[in-house]
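S.K.:
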Amino acid sequence: MGHNQLSITDQRTGAQYEIPITDGTIRATDLKQIKTSPDDFGLMTYDPAFLNTSSCRSSITYIDGDKGILRYRGYPIDELAENCSFLEVAYLLLNGELPSAAQLDEWVAQVKRRTMLHETSKKFLEGFRYDAHPMGMLISTIAALSTVYPEAKNVHDAANRRKQITRLIAKMPTITAYCYRHHFGLPYIYPDNDLSFTENFMNMMWKMLEPKYVANPILARALDILFILHADHEQNCSTNTMRAVGSSQADPYVSVAAAAAALSGPLHGGANEEVLHMLDVIGSKDNVSAYVKKVKEGHGKLMGFGHRVYKNYDPRARIIKRTADEVFSVTGLNPKLEIAKELERIALEDEYFVKRKLYPNVDFYSGIIYEAMGFRPSLFTVLFAIPRVVGWLAQWEEMITDPEQKIARPRQIYTGHDERHVMAMAER
Ligand code: ACO
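This note's numbering numbers the first residue of the sequence shown as 2 and each following residue consecutively.
1. In the structure shown, what three-state DSSP assignment does Leu98 receive?
2. Looking at C-beta atoms only, is the number of pairs between the region 325 to 343 and the region 86 to 96 that lie closer than 8 Å three or more?
3. For Ser248, collect the residues of the same chain with a Cβ closer than 6 Å to its Cβ; drop the 5 residues on either side in sequence, then sort them by chain order.
4. Taking just the CA atoms, how far does Ser55 sit from Asn5?
5. Answer with buried or exposed for Asn288, where buried requires no fewer than 16 other C-beta atoms within 10 angstroms of its C-beta.
6. Under 8 Å, with one C-beta from each stretch per pair, do the region 236 to 256 and the region 384 to 398 reach the 3-pair mark?
7. Am I right that Met205 and Ile190 are in contact with their C-beta atoms under 8 Å? What's the rounded C-beta distance?
8. Our contact map puts Val276 next to Phe365 with C-beta atoms below 8 Å; I'd like the distance itself, whole angstroms only.
9. Count the C-beta pairs between the region 217 to 227 and the region 256 to 274 that are closer than 8 Å, then say yes if the count reaches three, no if not.
10. For the alpha helix (DSSP H) that Ile64 lies in, which residues bound it at each end?
11. Suppose the cutoff is 7 Å on Cβ atoms and the five residues either side in sequence are ignored; what does the same chain contact list for Met279 look like?
12. Between Leu220 and the rest of its own chain, which residues show a CB-CB distance below 8 Å, the 5 nearest in sequence each way excluded?
13. What's the gap between the Cα of Thr177 and the Cα of Met424?
14. Can you give me the start and stop residues for the beta strand (DSSP E) that Gln6 sits inside?
15. Excluding the five sequence neighbours on either side, which residues of its own chain have a C-beta within less than 7 Å of the C-beta of Ile387, listed in chain order?
16. Do you know offhand how far Ser239's Cα is from Gly66's?
17. How about Gly307: is its Cβ closer than 6 Å to a heavy atom in the ligand ACO?
18. Would you kindly work out how many angstroms separate the C-alpha atoms of Tyr150 and Gln165, rounded to a whole number?
19. Quick one: complete alpha helix (DSSP H) runs, 4+ long, within the region 45 to 85?
20. Verify the contact flag: Ala16, CB atom, against every heavy atom of the ligand ACO, threshold strictly below 6 Å.
21. Could you tell me if His184 is buried or exposed, where buried requires 16 or more neighbouring beta carbons within 10 angstroms of its beta carbon?
22. For Phe87, which residues does DSSP report across the bridge?
23. In angstroms, rounded to a whole number, what distance separates the CA positions of Asp315 and Arg323?
24. Using DSSP bridges, identify the partner residues of Pro21.
25. Which residue or residues does DSSP assign as beta-bridge partners of Thr26?
26. Measuring CB to CB, does His231 end up less than 7 Å from Phe385?
27. Give the DSSP bridge partners of Phe306, in chain order.
28. Report the three-state DSSP secondary structure of Thr177 (helix, strand or coil).
29. If I measure Cβ to Cβ from Phe129 and keep anything under 7 Å in the same chain, skipping five residues before and after, which residues do I get?
30. For Glu372 versus Asn313, is the C-beta spacing smaller than 7 Å?
31. Identify, in the order they occur along the chain, each residue of the same chain with its Cβ nearer than 8 Å to the Cβ of Met2, setting aside the five sequence neighbours on each side.
See below:
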């Protein structure tokens, strides 16, 4: 008997099976041969919320949640945050290797060439109410781009795919800034291609009447680092959505819109906005203990705490704390930081949180930094989506070019009625 095999005895029939193990995994379809009779469908696995199911083979991002490790294409996240720009990391995620100087120049030029929005998209944005949530505006506008670029549906054409990927990455900051300015009735600012990716974003957000907007270099770099930290995170809820929708060969715009919709939920990317609401509700450092007590009694969750895969420490949270110090040296301290630090201190000592391995995640501090930089809480999840679009698209392209992938279609365990017949209305 080989070592890389799982021996199974089906106690229902006494039959024995040898199932191959590859990369620490058995194929769920290998279980189909385990039957009680020829017309039995065969054994399935039941895994709500995919707690122990691999849905793909991927060479993009590696996470070891127990050790607190996150790597993009093999590079530790802290080395990338320290040494690279966001667009450099985007190139890495999409192409598998860091760019040379010439490749980076070409890639940055490609992105800059595509930062403008079609004027009809601007008009589309104008149709929203002034107080529309920016995440709803973002999701709808990305989906609407599918009508502007109908050739995007040719998902098996590699060159066409790359064009749409570059467009999406380039246009995310422009859409975000337009959503923000729409709320205030401010004129939209066109992209300025003299500027870096994040400087240009800040320019489109905050330029008023000055002839040239000059972003604070420390804040622009901090934003770049936050974008690097959020660029990919393997098979999370929104990435799984991107892969699932893309598996039907829908175009990348509607697939990204669906992924962004998944991101908007408060248990996922929406958590950064919720953290700020929570800190507002707590109000002061003195109220932290009472708030934590309420959470332990089952009244809500501590937003920004806990993670499906990190059961040690979110490595991104550590880098974010360093970035926070740099931002606050420019903006002054955000008063909510004091409450957040006290919350972290109490929670990390408390048996409830220790026992459940609940640590601050990436969103615990990102909102406080974004607020200090001048972003409104309703924009926080959009700020998450800007860089995450890179991860979604890298994962989507990996899925499209993987010969093993098909349209995503899980099985179910049917728990409803057996066949029954419609009774006449008078008899029901
Ligand atoms: N506050 C209080 N208790 C919590 C929290 C929290 N933030 N998170 C989990 N728990 C508790 C659960 O109630 C559960 O307790 P029990 O065993 O007594 O029932 C236990 O810890 C395990 O929690 P699960 O829900 O099983 O963990 P899961 O892996 O399914 O959920 C999640 C992970 C969704 C991130 C969860 O921790 C959570 O809701 N956190 C708050 C929202 C948040 O910050 N989301 C951002 C995640 S990062 C990102 O998406 C970018």
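Virtual Cβ for every residue (Gly too), placed ideally from N, Cα, C.
M.R.: The relevant details are as follows:
1. By one-based count along the sequence shown, residue 98 stands at place 97. This sequence places Glu at residue 98; Leu is not what is there. Coil at Glu98, not helix or strand.
2. no
3. In the sequence shown, counting from the first residue as 1, residue 248 sits at position 247. The answer, listed in chain order, is Ile408, Ala409.
4. Start at 1 with the first residue of the sequence shown, and residue 5 comes out as number 4. Start at 1 with the first residue of the sequence shown, and residue 55 comes out as number 54. Looking at the two C-alpha atoms, the distance is approximately 18 Å.
5. Taking the first residue of the sequence shown as 1, we reach residue 288 at position 287. So Asn288 counts as exposed.
6. yes
7. Start at 1 with the first residue of the sequence shown, and residue 205 comes out as number 204. Start at 1 with the first residue of the sequence shown, and residue 190 comes out as number 189. Yes, Met205 and Ile190 are in contact; Cβ-Cβ is about 5 Å, under 8 Å.
8. The residue you call residue 276 lines up with position 275 of the sequence shown. The residue you call residue 365 lines up with position 364 of the sequence shown. About 6 Å separates the two Cβ atoms, so the contact holds.
9. no
10. Mapped onto the sequence shown, residue 64 falls at position 63. Unbroken run through Ile64 is the beta strand (DSSP E), 62 to 65; no alpha helix (DSSP H).
11. Within the sequence shown, residue 279 is the residue found at index 278, counting from 1. Same-chain partners within the cutoff: Met304.
12. Here residue 220 is taken as the residue at index 219 of the sequence shown, counted from 1. Excluding residues within five positions, the ones whose Cβ falls inside 8 Å are Met203, Val328, Val331, Thr332, Met374.
13. Numbered from 1 along the sequence shown, position 176 holds the residue referred to as residue 177. Numbered from 1 along the sequence shown, position 423 holds the residue referred to as residue 424. Rounded to the nearest angstrom, the two C-alpha atoms are 54 Å apart.
14. Within the sequence shown, residue 6 is the residue found at index 5, counting from 1. Its beta strand (DSSP E) spans residues 6 to 10.
15. Here residue 387 is taken as the residue at index 386 of the sequence shown, counted from 1. Closer than 7 Å at Cβ, skipping near neighbours: Met173, Pro174, Thr177, Phe228.
16. Numbered from its first residue, the sequence shown carries residue 239 at position 238. Numbered from its first residue, the sequence shown carries residue 66 at position 65. Approximately 18 Å, taken between the alpha carbons.
17. Position 306 of the sequence shown holds residue 307. Yes.
18. Counting from 1 along the sequence shown, the entry for residue 150 is found at position 149. Counting from 1 along the sequence shown, the entry for residue 165 is found at position 164. For Tyr150 and Gln165, the distance between alpha carbons rounds to 8 Å.
19. 78 to 84
20. Stepping through the sequence shown from its first residue, residue 16 is reached at position 15. Checking the Cβ of Ala16 against the ligand ACO gives no.
21. One-based indexing of the sequence shown puts residue 184 at position 183. With 16 or more Cβ atoms within 10 Å of its Cβ, His184 is classed as buried.
22. The sequence position of residue 87 within the sequence shown is 86, counting from 1. DSSP output for Phe87 lists no bridge partner at all.
23. To locate residue 315, count along the sequence shown from 1; it is residue 314. To locate residue 323, count along the sequence shown from 1; it is residue 322. Rounded to whole angstroms, Asp315 to Arg323 spans 14 Å at the Cα level.
24. Start at 1 with the first residue of the sequence shown, and residue 21 comes out as number 20. According to DSSP, Pro21 bridges with Gln6.
25. Here residue 26 refers to the residue found at position 25 of the sequence shown. Thr26 is bridged to Thr23.
26. Here the question's residue 231 lines up with position 230 in the sequence shown. Here the question's residue 385 lines up with position 384 in the sequence shown. It is a contact, given that the beta carbons lie within the stated cut-off.
27. Indexing the sequence shown from 1 puts residue 306 at position 305. Answer is Pro361, bridged to Phe306.
28. Your numbering for residue 177 matches position 176 in the sequence shown. It is helical.
29. As a first step, residue 129 is located in the sequence shown; it is residue number 128 there, counting from the start. Cβ within range, chain order: Met138, His183.
30. Taking the first residue of the sequence shown as position 1, residue 372 is located at position 371. Taking the first residue of the sequence shown as position 1, residue 313 is located at position 312. Not closer than 7 Å, so no.
31. As a first step, residue 2 must be located in the sequence shown, where it is residue number 1. Low confidence applies here, because Met2 scores a pLDDT of 48, under 50, leaving its location unreliable; read the following figure in that light. So the qualifying residues of the chain are Ser8, Glu19.
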